[in-house]
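Visitor: Before anything else, here's the structure in question.
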Amino acid sequence: TDPLGALPLLRGTIHSSDQLLRESKDPLPALFYYNYGLALFELGRLEQDEEFEAFLDASEERLEEAKEKETTELLLNKIELVLSKVWFSKAGIQLTEEEEEVPELAELALEKIRQAKMDTKQMLEWADIVLHHGALYSDIETRKKFISWAEETLKKILKDEPSHPQALTGLGLCRLQIAHYWLDKAADEEEEEEDEEEEKTELNKEEEEAYKIILESKEYLELARKEYIKQDALMPQILADLGEIYLNEANLVLDQEKQNEIYAKTVDVIKEAEKIIQEKNLEYELPEILIEFVQEQ
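For the sequence shown, our numbering assigns the number 26 to the initial residue and increments by one for each residue that follows.
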C-alpha cells in the first residue's frame, strides 16, 4: 500500500465519521468507533508531526468507546490490537534518556498482545513493532523483555513455515539489536582505555558477546536472503541489513586476511542492493554508512 495515497482516504474517513458523530441521533455501533479510532491512529502515524500525540489521544478515546459497545470477540480482538499500537506509540514518546523506566502503557500493551489472536501477517507486524520499541531502551534486561517476545512470536511462524523469509529476517534483526547493546558497551570500554596505539590481540568480553550474537544474526539473514532469491523477491533492505552485519563482524575480526574477505563480501551485497534499486527504479536509499564504506574501498 502507498502511504501517501492513503492520506486522502484517512482524512475522508475522519471527516465523515466526525460529521456522523455530530449528527446521529441514534447510538453508533462499536465498528463505527473502531474504524474512526483506526483512521485517527493511521493518519497520525503517517503524518508524524507535532500533532501526533493529539491524534493518539483522539484515537484512544474512540477505541475505548468501541470497547464499551456490545461487540463480537473478533472485533474486540481488533480493537485491543489497535489500542496496543496507540499505547506503544505513547510509551515511546514518554521515554527519555534520563528516565528509562518502562512506561505503564508499554507494559499494558505487551500484556494485551500476549493475549491477542493473530494471523501470520499480524505476528510479523507486531514482532517488528515490539522489536523497535525494545530497541529504545539502553538497559539490556529491559531491551530483552520486549525483543524476547518478538523472537518467540517469529519462532512460532517458523515452526509452521521453517523457511519463511520475513520471519527469518525479523529474527536476524532481533539478534542484531541485542548485538548493538554489546557493541555500544564495547565502544564505551574502548574510550576508557588510555593506550589505543597498541595493536589489538584479543577481544574484550563485550566484543566477544557482540561477535557471537552478530554471527547468529548473520545466519538468520543469510537464510532469509536465500529464500527471497528462491522466490525471486530479493529487495535492497535485506542486503543493507546484511551489509551492516558484515561490517560489524569484520570490525571484530582480528585476522587481517579474514577481515578483508568479509569487507569484500560487504562491498558485494551493497553493490547488489544498488543494482536492484536501479533495475527496479526503487525510491529506497541505502544507509549513508554503507555508501561511504563502498566509496572508501
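Here a beta-carbon is modelled for each residue, glycine too, at the ideal position from N, C-alpha and C.
Note that the structure is a prediction, hence the values are computed from the model and not measured.
#1: Rounded to a whole number of angstroms, what is the C-alpha to C-alpha distance between A31 and K103?
#2: Under 8 Å by Cβ, that's how I've got I357 and K181 pegged, so tell me the actual separation to the nearest angstrom.
#3: Measuring alpha carbon to alpha carbon, tell me which of A83, L53, L248, N60 ends up nearest E95.
#4: Would N285 and I239 be called neighbours here (beta carbons separated by less than 8 Å)?
#5: Output the distance between the C-alpha atoms of T18 and Y271, rounded to the nearest integer angstrom.
#6: Given this structure, state the Cα-to-Cα distance separating L179 from Q322, to the nearest angstrom.
#7: Please name the residue in V111, E231, D43 whose C-alpha comes closest to that of E129.
#8: Nearest by alpha-carbon distance to H189: which of L101, E232, D209, A258 is it?
#9: Report all residues from its chain with a CB closer than 7 Å to the CB of I302; omit the five preceding and five following residues, and keep chain order.
#10: Tell me which residues share the same chain as D185 and place their Cβ nearer than 7 Å to its Cβ, disregarding the 5 neighbours each side in the sequence.
#11: Could you round the C-beta distance between E252 and L156 to whole angstroms and report it? I think they count as a contact, below 8 Å.
#12: Between the C-alpha atoms of W151 and D43, what's the straight-line distance to the nearest angstrom?
Guide: Once the coordinates are examined:
#1: 20 Å
#2: In this structure the chain extends from 26 to 322, so residue 357 is not present and cannot be described.
#3: L53
#4: no
#5: With the chain represented from 26 up to 322, any question about residue 18 goes unanswered, as that position is not in the structure.
#6: 36 Å
#7: V111
#8: A258
#9: P261, Y309
#10: none
#11: Not a contact, Cβ separation roughly 20 Å.
#12: 29 Å
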